[in-house]
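Chemist:
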């Protein structure tokens, strides 16, 4: 509440829609999320295009300098309309709360945020040296002078719209760095080995749902796996409704 993301609904206000909450733990930190699955089933999809990661990162093949920045809790930087606020109320043991800013977990959050941030950088995107994937901002150049100029342009736009950036997730003017689950440089586009190690630690899937979760990782990197479709065909078949797992 102190961050201006939520406020407590008063007892005298009429409440028609509420959503239960759950807590997600990641790296020892907790995050409270609304369970918006019911709302999402009635939400009309926003068809705004989100870039294909592999195709996007191939733009870096001529880059000598790469900078990656991450918007700080990007979705929360979007102020909600009054109509949206009424639909995004959550119920907790200590009362009912209303989101003032766009929460995580709603169906159209990624596409809406992608559209919003693209409108901030139209010239930079059209010039082909800026990549935006939801809340990840990446730009590159072939010379140091150009990189400094482009850094200034990007930072000016960020300041103009009062966007907040996570400094601990920023990497300035690297020749190689990790971005969008890949290790990228002008010479190669590889898989982040830490991601592979995390999957190897997973236990054998016992249900169809767990199998789908396991298959999501190699599916994300299918461009790097020769004959992926042939190798994974039998595993995907296990996920069919007609198949007994």
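In my numbering, the protein residues as written are 22 to 266.
Built from N, CA and C at the ideal position, the CB exists for glycine as well.
Note that the coordinates shown come from a computational prediction; the quantities given were computed from them, not determined experimentally.
By how many angstroms is the C-alpha of residue 178 removed from the C-alpha of residue 53?
Modeler: Residue 53 and residue 178: Cα-Cα distance of roughly 31 angstroms.
Chemist: Could you pull the start and end residues of the beta strand (DSSP E) that residue 200 belongs to?
Modeler: From DSSP, the beta strand (DSSP E) with residue 200 extends over 197–200.
Chemist: Expressed to the nearest angstrom, what Euclidean distance is found between the alpha-carbon atoms of residue 250 and residue 243?
Modeler: When rounded, the distance between both Cα atoms is 8 angstroms.
Chemist: Touch check for the region 122–135 and the region 224–236: three-plus C-beta pairs under 8 angstroms?
Modeler: They do not touch, by the three-pair rule.
Chemist: Taking the straight line between their C-alpha atoms, what separation do you get for residue 45 and residue 257?
Modeler: Cα to Cα, residue 45 sits roughly 28 angstroms from residue 257.
Chemist: Would residue 150 be called buried (16 or more neighbouring beta carbons within 10 Å of its own) or exposed?
Modeler: Buried: at least 16 other Cβ atoms inside 10 Å.
Chemist: Run through the region 38–81 for me and flag every whole beta strand (DSSP E) of 3 or more residues, listed as ranges in chain order.
Modeler: List check, beta strand (DSSP E) in window: 40–47, 50–55.
Chemist: Using the DSSP secondary-structure output, state which residues sit across from residue 113 in a beta bridge.
Modeler: The partner list for residue 113 (beta bridge, DSSP) reads 116.
Chemist: For residue 154, name the three-state secondary structure that DSSP assigns.
Modeler: Residue state, collapsed to three classes: strand.
Chemist: Note the first and the last residue of the continuous beta strand (DSSP E) segment covering residue 204.
Modeler: Per DSSP, residue 204 belongs to the beta strand (DSSP E) from 203–206.
Chemist: Using a 10 Å radius around the Cβ and a threshold of 16 neighbouring Cβ atoms, would you call residue 156 buried or exposed?
Modeler: Looking at its Cβ environment, which holds 16 or more other Cβ atoms inside 10 Å, residue 156 is buried.
Chemist: Any idea what DSSP makes of residue 235, helix, strand or coil?
Modeler: DSSP places residue 235 in helix when its eight states are reduced to three.
Chemist: Is residue 143 close to the ligand ZN? I mean its beta-carbon at under 7 angstroms from any heavy atom of the ligand.
Modeler: The ligand ZN is not part of the structure shown, which contains no ligands of any sort.
Chemist: DSSP state of residue 23, grouped into three classes?
Modeler: Here the model assigns residue 23 a pLDDT of 48, short of 50, so the residue's position is not dependable and the matter cannot be decided.
Chemist: Just tell me which of 185, 202, 210, 187 has its CA closest to the CA of residue 196.
Modeler: If we check each option's Cα against that of residue 196, 210 comes out closest.
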